[in-house]
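To keep things clear, I will list the structure first and then write my remarks on it.
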Amino acid sequence: MSAAISSGRPNGRIPAILLSFIFAVIVLGPVAWALATSFKTEVEAVAVPPTLWPSTATLENYLKVFRDQSFLRDFWNSVAYSVGAVALALLVGIPAGYAAARFSFKGKRTLMLTILATSMVPGVALLVPTFYLLDSIGLLNSGIVVTIILSARIIPQTVWFIANFVEAVPVEIEDSAFMDGANRFQIIWHLILPLIRPGIAAVATIGIVTTWNDYITVAVFAPEVAKRTLQVALVNQVFDAVGISWSYMMAFVVIASMPVILMFGLVQKWFISGLTAGAVKG
Amino acid sequence: MSASHTQAATATPGAGLLGDTSDTQSRARFSWIPYLWFAPAIVVLFLVTLYPTFFVGWLSFQKTRYYELTGFVGLANFYEVFGSSAFWNTVFVSLAYVVGSLAGAVVLGMAAALVLNNAGATGSVLRVFILFPWTLSMSVVGSIWLWLLNPSFGPIPYLMQAVGIEPGLMLGDPGLALPLIIIVTAWWSFPYVMVMATAAMQSIPKELYEAVEIDGGGALVKFRYVTLTHILPTLGSTALTLSIMYLTLMTLIIVMTGGGPLGSTTTLSFEAFRGTVQAVNIGPTAVVSIVVLLINVALGVVYTRLTGRVTG
Amino acid sequence: MANVELNAVRKAYGTAAVIHGVTVDIRDGEFVTLVGPSGCGKSTLLRMIAGLEDISGGEIRIGGRTVNSVPPKERDIAMVFQNYALYPHMTVAENMGFSLKLKKAPKDVREAGVKRAAEILSLTKLLDRYPRELSGGQRQRVAMGRAIVRDPQVFLFDEPLSNLDAKLRVQMRTEIKELHQRLKTTTVYVTHDQVEAMTMADKIVVMHDGIVEQVGAPLELYNNPANMFVAGFIGSPAMNFLKGRCERGRFLLEDGSVLTLPAGLEHLSSGAVYGVRPEHLVRSDGGLALTVAVVEPTGAETQVIARHGSQSIVCIFRDSDLPQPGDIIRVRPDVSRVHVFSEQDGRRLS
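Residue numbers (the numbering used here), protein chains in the order written: chain A, 33 to 314; chain B, 1207 to 1518; chain C, 18 to 367.
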């Protein structure tokens, strides 16, 4: 497990442990400050000198966020886009990944390289052409279009990951099921999907986080207020420099991050395994 | 069904995802079924990625006014962009941003990986917490730091003042804005380097360290000849991943500085974004987009080669 | 139950032929092993019988019916795989009942089938376990159970014991043989281990480079190998081969030493290979002089590796009078069990 550089003696670890906590403070300090601010009153938030701990903790900022009439709609848009994008990515990625792992046919290499190549095309480079095309066919401000665009962003990695997961399932298991009388769809449904479930969970987790956190795609292709997400709503408040209330905004930050935080807390193992998949070459 | 299943199911083991299977293929009947499995993914990628990629190329040769195309102009857009000092300033800002953020993230990430790896169970627990900011969106990260760095009420300028440094305008200072954004970017992304480096470190066989110990090497030898040698490839590919990410990162800049002050934080990607939403003349924006695209694809190809994803 | 006939069966991947016309008759209820070194095509042949590989040429008949284009599930066969291929996310009972579930058999039929197979293999107590909770031997049994549940006409085994440790292997060998004696189902069993092949089979098919070298009962192959390949492959330790010439009723080694030829070869006069099994060399004054290199006692018998000139010769002795490394011993082959092979094509001449 450990690639210890110092020897394994427990007291040799104390400096490392102290330094670890310093790193934790560097990373979590700013987050903690934002969290503390979200519980302060608007006045206390901008007090000089700043207070570390809210003197009178209040939930007022959170209530204000929830009471905002557009909040539910923004939240629903965020959920719909990210869940929809991941569902679509899995729907098209699982067959492609399975076929990549199990079939051999002419042009497979070209197909897989094309999919890989699309992952190298940055979304930012496609802002102008996509905006132009959507505008010319009247598809700006469409939730479905935004969902598909977000999905395309995660499809390449989904296909590659699924292909690798399926390859890791011994082909004899499929042979065996085939002899047991299963057809291709039964094999995928009864065997492959249950067996690669951890992999699918990892891909889905990363996909949800990626799409939930997107600002650009929604902001550019669905600029209408009714189509915006929490991320867009948050950034719009920053632009609204006059009426900015820092404690309200930090409460918004916490709420906008909550689903991703919960997800990370629940499945951080999958999250990390998804991040590091393929990172280390033997 | 059965014959094609048989062929497909048994011919592949060992062929690999990119395996050339011409020999098993030449005899088998041609079947279009495998392509059907790919069709939905390819259709989506074609519509969303491939077609607009070709289209941006075409767009770059058009004379434009807002979103109106007014005719073919050859390389005029390219001349306009490459001839403007603003563009080269953007290139320089992008470069400084990528290199600066990368340096910060890699150094911090490596240090964190080493430290936490030697901190036993405490390290394993803290590692999860330290990775946490990586899951936050750029708009959230930007908002938090905008608050922390707020020259009037933010805690960081307050602390600076307390130790006798005049904080000034912070993000409003043309000389300070880019370094501050670099710091925030490194803060946000070093945990990613840490996780990757840790994964690589933990794949190093313990026996190698024991061998060094028996050969009489100390901690420095272990780090130099075992740890570093082993994690270097991973570190390289991680750095490339981050470079690609930094190069295309806009939201943080949109939130924190809006590309200013005085263009001091306008990167290529931010310029592509600004050009799209302002839509004064999208021809040159198409050219900037193509520049970003080409750099990204080049880095992507290097990454693919480096990680051996394709060559095996 | 059924017989299996392979008639000039061929398999090629593109232009690369891996099986060049195999013809074997497997009678109803017979236990047949396909044995040969890795890459000889035995597993491919088995998978062709199973229907997992296309047949490039020839004909496979099961129970008198040509099955070349019949999908596996309609061939009425069951297969046990080398790595067991158990479904990791299903319990033992679910693993064994999966084929019945796919056939949409009613629940009680399924349960009865699983129960019967579990009793045969003493798996009843493990039915609710998952494969990962089982030992290697138990997994092997579940894999067989899955085959038994389907009550097939033919069992196919693809190196089923190669993932087990040596002791378990011997035990499972016995179990599979007992199972066969009880169910009397036609069985085709692939292995690279000639001991497994010898001990289990009614009939052995020795394969090499995609062709059948010899088909026969285990002792027939041992006593009357058709050629040098079979002679060298069957029997452990392997047969000693000595190069030399047949001349005037004697066999002359390269250094001029003389060995007695078996009867019937008195008139042969050509280069040849003299084959004698280690267990058919006896110590005898006036025999061939060998220098002892290594002595490996195993208890019941002792294996002696010795040299004659540049030639290494293995002997097995059962007496307790062990030579020491460096000793010169004299041995004589048991002429009634010696084989002489053609130098050109390896065919047996004696």
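Just so it is clear, CB atoms sit at the ideal spot from N, CA and C, and this is done for glycine as well.
Any beta carbon from chain A within less than 9 Å of C/K220's own beta carbon? It does not; no Cβ of chain A falls within 9 Å.
Using a Cβ cut-off of 8 Å, pull out every chain A residue sitting near C/L69, in sequence order please. Going along chain A in sequence order, the residues near C/L69 (Cβ under 8 Å) are D207, F210 and M211.
Using the three-state DSSP reduction, which class does C/Q361 fall into: helix, strand or coil? Coil, per DSSP.
Exposed unless 16 or more other CB atoms sit within 10 angstroms - verdict on A/I176: Exposed.
Who are C/G233's beta bridge partners in DSSP? BP columns for C/G233 point to C/I221.
Tell whether a beta-carbon distance below 9 Å holds between B/S1443 and B/V1299. Cβ atoms of B/S1443 and B/V1299: not closer than 9 Å.
Return yes when the Cβ of C/M96 is within less than 9 Å of the Cβ of C/F174, no when it is not. Inclusion of C/F174 and C/M96 in the CB contact set at 9 Å is warranted, their separation being smaller than that value.
Along the chain, where does the beta strand (DSSP E) containing B/L1310 start, and where does it finish? Before going further, note that residue 1310 of chain B is Gly rather than Leu in the sequence given. The continuous stretches of beta strand (DSSP E) do not include B/G1310, which lies in the alpha helix (DSSP H) extending over residues S1291 to N1323.
Note down, in chain order, each residue of its chain lying with its Cβ closer than 7 Å to the Cβ of C/E264, except the 5 sequence neighbours on either side. The residues S286, in chain order, have a CB closer than 7 Å to that of C/E264 in the same chain once the five nearest residues on each side in sequence are set aside.
Is it buried or exposed, B/Y1398, if we count other Cβ atoms within 10 angstroms and call 16 or more buried? That one is buried.
Check whether the Cβ atoms of B/G1315 and B/I1388 sit closer than 9 Å, and answer yes or no. Between B/G1315 and B/I1388, the CB-CB gap reaches or exceeds 9 Å.
Around the C-beta of B/W1393, are 16 or more other C-beta atoms found within 10 angstroms, so that it is buried, or is it exposed? Of the residues assessed, B/W1393 falls on the buried side of the cut-off, its CB having 16 or more other CB atoms within 10 angstroms.
Let me make sure I understand the geometry here. Which of C/F115, C/H284, C/A255 and C/L269 has the alpha-carbon closest to that of C/I322? Ranking C/F115, C/H284, C/A255 and C/L269 by Cα distance to C/I322 puts C/A255 first.
Interface flag, A/L60 vs chain B, CB-CB below 9 Å: For A/L60, the answer is yes, since a Cβ of chain B falls inside 9 Å of its Cβ.
Leaving aside the five residues before and after A/L159 along the sequence, list all residues of the same chain whose C-beta is less than 8 Å from its C-beta, in chain order. So the qualifying residues of the chain are I248 and V252.
By Cβ distance, which residues of its chain are closer than 7 Å to A/M144, with the 5 residues on each side in sequence left out? These residues qualify, in order along the chain: A132.
Going by the DSSP bridge assignment, what does A/F55 pair with across the sheet? A/F55 pairs with nothing; no bridge assigned.
Alpha-carbon spacing of B/W1243 relative to B/G1374, whole angstroms: C-alpha separation (whole angstroms): 59 Å.
Closer than 8 Å is the cut-off here; do at least three beta carbon pairs connect the segment 1330-1348 of chain B with the segment 54-67 of chain A? Inter-segment contact for the segment 1330-1348 of chain B and the segment 54-67 of chain A is present: three or more beta-carbon pairs are separated by less than 8 Å.
Nonlocal neighbours in the same chain, by C-beta distance under 8 Å from C/Q341, ignoring five residues either side: Closer than 8 Å at the Cβ level, and outside the excluded window around C/Q341, lie V309 and V312.
With distances taken from CA atoms, which of B/M1462, B/L1354, B/M1407 and B/M1402 is nearest B/A1383? Among B/M1462, B/L1354, B/M1407 and B/M1402, the Cα nearest to that of B/A1383 belongs to B/M1462.
Just checking, does the segment 1261-1280 of chain B make contact with the segment 1487-1505 of chain B on the three C-beta pairs under 8 Å criterion? A contact exists between the segment 1261-1280 of chain B and the segment 1487-1505 of chain B.
For the segment 124-131 of chain A and the segment 184-200 of chain A, state whether three or more C-beta atom pairs, one from each stretch, are separated by less than 8 Å. Contact between the segment 124-131 of chain A and the segment 184-200 of chain A is present: three or more C-beta pairs spanning the two stretches fall below 8 Å.
How about C/G162 and C/M107: are their beta carbons less than 9 Å apart? Taking 9 Å as the Cβ cut-off, C/G162 and C/M107 do not qualify as a contacting pair.
Do C/L62 and C/V109 have their beta-carbon atoms positioned less than 9 Å apart in this structure? No; because the gap between Cβ atoms is not below 9 Å, this pair is not in contact.
C/V87 and C/G58 look like a contact to me (Cβ under 8 Å); what is the Cβ gap, rounded to whole Å? C/V87 to C/G58, Cβ: 21 Å. No contact.
Give me the residue from C/S253, C/K201 and C/P105 with the minimum Cα distance to C/E296. Residue C/S253 is the option with its Cα nearest to C/E296.
Can you tell me whether DSSP reads B/T1227 as helix, strand or coil? Only weak support exists for where B/T1227 lies, its pLDDT of 41 falling under 50; the value from the coordinates is given anyway. Coil, per DSSP.
Please look up how many angstroms separate the CB atoms of C/L23 and C/V41, rounded, as I've assumed it's under 8 Å. That belief holds up - the Cβ atoms of C/L23 and C/V41 are roughly 5 Å apart, short of 8 Å.
What's the gap between the Cα of A/G155 and the Cα of B/P1240? Going from the Cα of A/G155 to the Cα of B/P1240 covers about 29 Å.
Counting contacts by CB-CB distance shorter than 9 Å, is A/G139 in contact with chain B? Residue-level contact check: A/G139 touches chain B, since one or more beta carbons of chain B fall below 9 Å from its beta carbon.
Roughly how many whole angstroms lie between the Cα atoms of C/G80 and C/V21? C/G80 and C/V21 have their alpha carbons spaced roughly 6 Å apart.
In its own chain, which residues sit with a C-beta less than 6 Å from the C-beta of A/S114, not counting the 5 before and 5 after it? Closer than 6 Å at the Cβ level, and outside the excluded window around A/S114, lie I240, T243 and W244.
For C/L307: DSSP bridge partner residues: For C/L307, which the question treats as bridged, DSSP gives the partners C/I346.
By Cβ distance below 7 Å, which residues in the same chain neighbour B/M1407 in space, the five residues on each side in sequence not counted? Result list for B/M1407: A1319, N1323, T1433 and I1437, in chain order.
For C/L259, does the three-state DSSP call read helix, strand or coil? Three-state DSSP puts C/L259 in a strand.
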